[in-house]
Every structure is written in structure tokens, then in C-alpha cells.
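First comes the structure, then the notes that go with it.
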Amino acid sequence: MANLKEIRNRIGSVKSTRKITSAMSRIAAARLRRAQTAMENARQYGVRMASIVSEILAEIDDPGAMHPMLRGAVAPAAPSHLVMPGSDTKPGAIGFIVVTSERGLCGGFNSAVNRQVERDIKGLREQGREVHVITVGRKGRAYLKTYNQAALAHHAAPTKSEEVVDTAKQVALEAMALFEGTWELEDTDGDGVGDTMSTVKVDEVRLVFNYFRNVITQEVHSDKLLPVPIPEPAETSSGEGDDRPDSGRAAATHAIRAFEPDTKQLLDHLLPVAVETAIQQALYNSVAAEVAARRTAMDSATDNATELIGELTLQYNRERQAAITSELMEIIGGAEALKS
């Protein structure tokens, strides 16, 4: 009978767990609709922003010379500690913005991002390149510590639209500071007392996050954030043989377009906004992907709990039937003994 009691206790425990996972699944389902709506609204804004930047850059002959945040800008020589011995090349540092969640119970949502970042960092270290990381979400920072990669800055993963906007603004400022070489880092001599201040500069900043494909599928993206990518000519202007109805009008518009007050001032304002918008897109996608992953994980856990309860109930009934049969056999055996 002790075995029956253990099975009953386990069935009760699994039922309690099923209630929790079922409730979490319903909560995630309710949040998912709001997260998808916010993500789609932000995506429309992001697409339009990218279109505006592309149109402006298509008008510039040498964008890299126009603004340092653009691809092709001449970067200063890398510090001596980044130069590989015996090589003429000077590999620069790379910055990563890693977006994960604050909590677990969302399947492989966090582990997929962490594995991608680990592969990237390992490859860069083998090339002799320094890596600097800004983390958004507790799970990413905790994982980075396992292979001695400290975060220059950390932010809690946002869950609301207002938090997404604020976090994106702060992370964008930090990313631009890294890229422009204005990030100040305190150097110590090991006694915990700051001695000097040095600047940290990276040649490229990448954004690693979960892209929301659909409720079932989330993809890890590692997108270049800085320098701001410049669209290829084929992406922005019509070439020879372009038979689109509006190709002539586009060419005419290309010929007469002008900027006020001037292109440099326009880019000074627009490019930081474009960087912030790209980070917002990543955060909104990450929030929606996290909620979808949690819903899927909790649905799976609920189904597994139901299946386990069925197996335990069947085991309990068999054990109970065996116990009853054993007792009956003992009673019958005792009665037969009395007759004889």
C-alpha cells in the first residue's frame, strides 16, 4: 500500500504542475496578440525608415566620406594590442548586442541566441580580435559569464512598449559610443582602484536576437547594426532595361532631389534614429518570439503532464488491482485452511 500512496502523491504533484503550465500557456496566449500587434506596428515604421535612408544614400556619390556611421568610412588604425603578430593586417574589435529574456521556461529561446554568440565570439578570438558585448536580458549575461566574456553594459529585457522604446534609446547611444570610440573604460592595476580611463572602439556592431517568424518558428538573426549598411545601386535605382511603369518618374525625381539644410546635417539626425529604430525592431521581435516560445513550451509541458498522469493512473489501477487480488487470495487461502 505504501507504493500506492507514492503513486497517488506523484499524480497529485503532476496535476499541480499541469495547472501551472496550463495557466502560463493561457497567459502567454493573451500576451502574444498584444506583442504581435506592437511588433507589426513597429515593423511598418521600420520599413519606412529604411526606405527613407536608402533613398537619401542613393543620392550620395561617396556616403562613407559623408558620414563615419556609414559603411566604407575610413577607420583609424587599430590599437597595437589588436594587431596579430607577423601579420600586415590589423583586425579591429567587434561589438555585440545580445538580446535574451529575463526568465526561462521558454524552450530553446535563450539557448539558440547564446549558442550563436558563443560561435561568433570563438571565431573572432581565434582571429585575434577583441570582442565587447552589451547584453539585454539576464539569461544572456549569465551565459556569457560561463566563458569569461564580461558585458560592458547590461539592461533588463523589456516587456512593454514603453520599456522597449526606452531600452532601445539607451542601447543605441551605447552602440554608437562603441563604434565612434567615445566609450570610456576604467583601467585598474588589480587593486580595485581606477588608475586611468581608456576608450573602447569597435569596427563593427552586430545585433543578435530572435526574429519572430510565426508562432511556431523563431529564427536567430545576427544583423550588422553599425556601420549603417548602404544599399547596393540595384536596390535603390533602376538600371538599364527597367520596364517598370514608374521608372522614368523615379529617374526624374532622382535628378531634381535636393536636401535642406544639407545632406550632412540630415544624416547627423537621421542615422542615429535609424540605428535606434533597428534596435527597436529587434526588441519587439524578441518580445513576441519569447511569448510565442513560452506558449509553445507550456503547451508541450501541459500535454506531457496529461500523458504522464494517464500513465501513472494506469499504474495506480494495476497496483491497486494486484493488491486487492492478493488480499482476496489470502482470505480464500485462510478460509480453505479453516475448512481443512
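Under full-length UniProt numbering, the sequence shown has 88 at position 88, and the numbering climbs by one with no breaks.
Glycine included, each C-beta is placed from N, C-alpha and C at the ideal position.
What you are looking at is a predicted structure, and each value in this text was computed from that prediction instead of being measured.
By alpha-carbon distance to Leu270, the top candidate from Glu55, Ile324, Arg33, Ala28 is Glu55. For Phe109, the enclosing alpha helix (DSSP H) stretches over residues 109–126. Within the same chain, Val99, His155, Ala157 come within 6 Å of Val136 by CB-CB distance, once the 5 residues on both sides are set aside. Per DSSP, His132 is one residue of the beta strand (DSSP E) stretching across 131–136.
As DSSP reads the structure, Gly95 sits in a beta bridge with His132, Val205.
Under the three-state reduction of DSSP output, Thr296 falls in the helix class.
Our two residues, Glu330 and Arg320, have alpha carbons roughly 15 Å apart in a direct line. Residue burial annotation: Ile216 is exposed, with fewer than 16 other C-beta atoms found within 10 angstroms of its C-beta. With fewer than 16 other Cβ atoms from the protein chains shown falling within 10 Å of its own Cβ, Ala322 counts as exposed. Residue Val275 holds the alpha-carbon nearest to the alpha-carbon of Pro227 among Gly123, Val275, Pro261. Of Leu314, Arg295, Ser161, the smallest CA-CA separation from Gly104 is found for Arg295. Note on Val171: 16 or more other CB atoms within 10 angstroms of its CB, so buried under the neighbour-count rule. Between the region 290–305 and the region 4–19 there are three or more C-beta pairs closer than 8 Å, enough to call the two in contact. Of the other Cβ atoms in all chains shown, 16 or more fall within 10 Å of the Cβ of Tyr143; this residue is therefore buried.
In this chain, the alpha helix (DSSP H) harbouring Gln170 covers 161–180. Around Ala29, the same chain offers Arg295 as residues with beta carbons nearer than 7 Å, after the five sequence neighbours per side are excluded.
Per DSSP, the unbroken beta strand (DSSP E) holding Leu152 starts and ends at 151–155.
The beta-bridge partner set that DSSP reports for His221 consists of Phe209.
The beta-carbon distance between Met66 and Thr263, rounded to whole angstroms, is 6 Å. This is short enough to meet the 8 Å contact definition. With a cutoff of 9 Å on beta-carbon distance, Tyr316 and Arg8 are scored as near each other.
For Gln281, same chain residues with a beta-carbon under 7 Å away, outside a window of 5 residues either side, are Ala42, Arg43, Gly46 in chain order. Each residue's CA atom was taken as its position, placing Asp203 and Phe179 some 6 Å apart. Around Arg213, the same chain offers Glu219 as residues with beta carbons nearer than 7 Å, after the five sequence neighbours per side are excluded. The Cβ atoms of Gln116 and Val131 lie no closer than 9 Å to each other.
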